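Trainee: When the letters of the sequence shown are read in order and numbered with my numbering, they come out as residues 287 to 649.
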Amino acid sequence: MTHEAGIPLGIRFKLLSDTPQDSAAQVAGEVVVGDYRDLETLRAFARGCDVITFDHEHVPTEHLRALEADGIPVRPGPDALVHAQDKGVMRARLTEIGAPCPRHRLVADPADVAAFAEEGDGFPVVLKTVRGGYDGKGVWVVRSEADAAEPFRAGVPALAEEMVPFRRELAANIVRSPHGQAVAYPVVESRQVDGVCDTVIAPAPELSEELSGQAQELALRIADELGVVGHLAVELFETEDGRVLVNELAMRPHNSGHWTMDGAVTSQFANHVRAVLDLPLGDPRPRAPWTVMCNVLGGDYPDMYAAYLHCMARDPQLKIHMYGKDVKPGRKVGHVNTYGDDLDAVLERARHAAGYLRGTITE
Numbered sequence: 287m288t289h290e291a292g293i294p295l296g297i298r299f300k301l302l303s304d305t306p307q308d309s310a311a312q313v314a315g316e317v318v319v320g321d322y323r324d325l326e327t328l329r330a331f332a333r334g335c336d337v338i339t340f341d342h343e344h345v346p347t348e349h350l351r352a353l354e355a356d357g358i359p360v361r362p363g364p365d366a367l368v369h370a371q372d373k374g375v376m377r378a379r380l381t382e383i384g385a386p387c388p389r390h391r392l393v394a395d396p397a398d399v400a401a402f403a404e405e406g407d408g409f410p411v412v413l414k415t416v417r418g419g420y421d422g423k424g425v426w427v428v429r430s431e432a433d434a435a436e437p438f439r440a441g442v443p444a445l446a447e448e449m450v451p452f453r454r455e456l457a458a459n460i461v462r463s464p465h466g467q468a469v470a471y472p473v474v475e476s477r478q479v480d481g482v483c484d485t486v487i488a489p490a491p492e493l494s495e496e497l498s499g500q501a502q503e504l505a506l507r508i509a510d511e512l513g514v515v516g517h518l519a520v521e522l523f524e525t526e527d528g529r530v531l532v533n534e535l536a537m538r539p540h541n542s543g544h545w546t547m548d549g550a551v552t553s554q555f556a557n558h559v560r561a562v563l564d565l566p567l568g569d570p571r572p573r574a575p576w577t578v579m580c581n582v583l584g585g586d587y588p589d590m591y592a593a594y595l596h597c598m599a600r601d602p603q604l605k606i607h608m609y610g611k612d613v614k615p616g617r618k619v620g621h622v623n624t625y626g627d628d629l630d631a632v633l634e635r636a637r638h639a640a641g642y643l644r645g646t647i648t649e
C-alpha cells in the first residue's frame, strides 16, 4: 500500500522481504529476500537507497544506528523508533514528558506483579512483553500472582499496567516531516475483537471537539518530543470520566489509518512517503462525513475472490483492499472501506462486505 502511494510520484522502491510471498514483494519492482535481523544483509540492502523506512518495528535498534553511522538516512530514526519497539522505554519517556498513561512498572516475576497490584487497586492487572507483542499477542490479563507465571517463561521482564476501565479505544494518527511540518487526521474509534482490530470509524462518533483536539495535540506533541519522522499512530483509551490515556505507539502506517486510503484527501501511506522524503505533506481532511474500515480476517472459506461478484454488485461504492496473503483463520488478509452520510448505513455496508469475504455471511 505504501508502494501504491508512491507510484503517482514516480518513486521507486527497493524492498527487503522475508520471503518472495510477502505482500509487498508481490508488487515492488526490486526485491531482496533476506533477514532484517542480520546487519550485513541490511548494509548490503541499504546501498543505493536514498532513505530507509519500515512496515514494522522489529529491526534491531543497534542495526539502525549502524546504518545511520554509514550515512544512510533512517526514518523514523532509532532514537524515535525504540519507543515503539520497547514498551518499557516508551512508558518511561512518555511519563517524563507528561503524557497521560496508565499506572505502570517493569516487573521481574509473579511476586513483583503481586506487589504492583497491591500498590494500586489490586488484581486484575495487565502484563505485556516489553518487546515483540502485536495484535493481542504478548498481552495477558492476570487475576492473581499464580496467574502471572506465563509472561515470565521467556526469562525477561514484563511491563505491568493497571487495568483501565475505559469507555472505548481511540487512535490519533499524525504525520511529521524531518523539518517539523505535521498534519493530524481525525481521531478515530477502533473496535477490537479478541485483541485484533475489527472496525475503525472515522471520525470517532460522539467525541467532543475538546477531547478530539486534546488527542490530536497529544499525538503531535509526542511526535515532536520523540523526533518521529513519518506516520505515528497513538492508540488511546477514552476513560469513563472523559480523559485519554496512551495505550500504544506505532511508527509506521497503521491499521487505524487504513480508512484514509479512500476516506481522506491524502492517505496515511501517501503522507508517510512524503514525510520520509521530506516533501510537503498533503491534506489529511476526510472526503465524506463518515468512513468505516473493516478488516477482512481469514476463516474457513479459502477462496475470497469468488465473493467479489456479490460484494461489488451489492455495493458499487465499496472499496476492497486485499493483501495477497494465504488465507489462515484469524489472519488479516485485507480490509474494506465504505463512506457516506449515514453512519449506520456505512457501518452495515462495511460489516456485510467483510463478513461475506470471510464467509461468515452468505447472503
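Heads up, the beta-carbon is just placed ideally off N, CA and C, and yes, glycines get one too.
Since this is a predicted model, take the numbers as computed values, not measurements.
Could you tell me which uninterrupted beta strand (DSSP E) segments, each at least 3 residues in length, are contained entirely in the region 468-492, listed from first to last along the chain?
Mentor: Listed in chain order, they are 468-470, 474-479, 482-488.
Trainee: For Gly610, I'd like the list of residues in its chain whose CB is within less than 7 Å of its CB, leaving aside the five on either flank, ordered along the chain.
Mentor: Answer for Gly610: Ser309, Gln312, listed in chain order.
Trainee: Is it true that the CB of Leu350 sits closer than 9 Å to the CB of Val337?
Mentor: Taking 9 Å as the Cβ cut-off, Val337 and Leu350 do not qualify as a contacting pair.
Trainee: Let me make sure I understand the geometry here. Which of Ala403, Ala432, Asp433 has the alpha-carbon closest to that of Met449?
Mentor: It is Ala403 whose Cα lies nearest to the Cα of Met449.
Trainee: Nearest CA to the CA of Arg391: which residue from Pro443, Gly549, Glu348?
Mentor: Nearest option by C-alpha distance: Pro443.
Trainee: Enumerated in chain order, which unbroken segments of the beta strand (DSSP E) with a length of 3 residues or greater are wholly contained in the region 294-363?
Mentor: Whole beta strand (DSSP E) segments, 3+ residues: 300-303, 316-319.
Trainee: Compute the distance between the beta-carbons of Glu475 and Glu503, then report whether it is under 9 Å.
Mentor: Not closer than 9 Å, so no.
Trainee: Out of Glu634, Leu563, Glu534, which one is the CA nearest neighbour of Met376?
Mentor: Closest option to Met376, Cα to Cα, is Glu534.
Trainee: Where does His465 land, buried or exposed, given buried means 16+ other C-beta within 10 angstroms?
Mentor: Burial call: exposed.
Trainee: Just to confirm, is the Cβ distance from His517 to Gln554 under 9 Å?
Mentor: Yes, these two residues count as a Cβ contact at 9 Å.
Trainee: By the DSSP assignment, the alpha helix (DSSP H) with Tyr594 in it spans what residues?
Mentor: Element bounds for Tyr594: 594-600.
Trainee: Rank Ile487, Ala505, Thr648, Val399 by C-alpha distance to the C-alpha of Ala592 and give the top, closest one.
Mentor: Answer by Cα proximity: Thr648.
Trainee: Quick check on Val632: does DSSP put it in helix, strand or coil?
Mentor: Val632 falls in the helix class under three-state DSSP.
Trainee: Roughly how many whole angstroms lie between the Cα atoms of Ala432 and Ala401?
Mentor: Cα to Cα, the separation comes out at about 13 Å.
Trainee: Which residues does DSSP list as the beta-bridge partners of Tyr625?
Mentor: Per DSSP, Thr577.
Trainee: How big is the Cα-Cα spacing for Arg635 and Glu348?
Mentor: C-alpha separation (whole angstroms): 46 Å.
Trainee: Can you check whether the CB of Ala490 is closer than 9 Å to the CB of Tyr471?
Mentor: It is not a contact, given that the beta carbons lie outside the stated cut-off.
Trainee: CB-CB under 8 Å to Asp341, same chain, minus the five flanking residues each way: which ones, in chain order?
Mentor: Excluding sequence neighbours, Asp341 sits near Thr288, Ala310, Arg538, Pro539.
Trainee: In angstroms, rounded to a whole number, what distance separates the CA positions of Pro364 and Pro602?
Mentor: If you take the alpha carbons of Pro364 and Pro602, they lie about 43 Å apart.
Trainee: Does the Cβ-Cβ distance between Cys580 and Asp484 come in under 9 Å?
Mentor: Contact flag set, yes.
Trainee: Alpha carbon to alpha carbon, how far is Arg379 from His369? Give it in angstroms, no decimals.
Mentor: Roughly 8 Å between the two C-alpha positions.
Trainee: Can you list, in chain order, the residues of its chain whose CB lies under 6 Å from that of Arg429, leaving out five sequence neighbours each side?
Mentor: If we look at Arg429 and ignore the five residues flanking it on each side, its Cβ neighbours are Phe409, Pro410.
Trainee: Among Ile293, Ile508, Pro386, Val578, which has the Cα closest to the Cα of Ile606?
Mentor: Comparing Cα positions, the closest option is Val578.
Trainee: With distances taken Cα to Cα, identify the nearest neighbour of Val427 among Pro396, Ala314, Glu405, Ala457.
Mentor: The shortest Cα separation from Val427 among Pro396, Ala314, Glu405, Ala457 belongs to Pro396.
Trainee: Give the secondary structure of Ile460 by DSSP, where H, G and I count as helix, E and B as strand, and everything else as coil.
Mentor: Strand, per DSSP.
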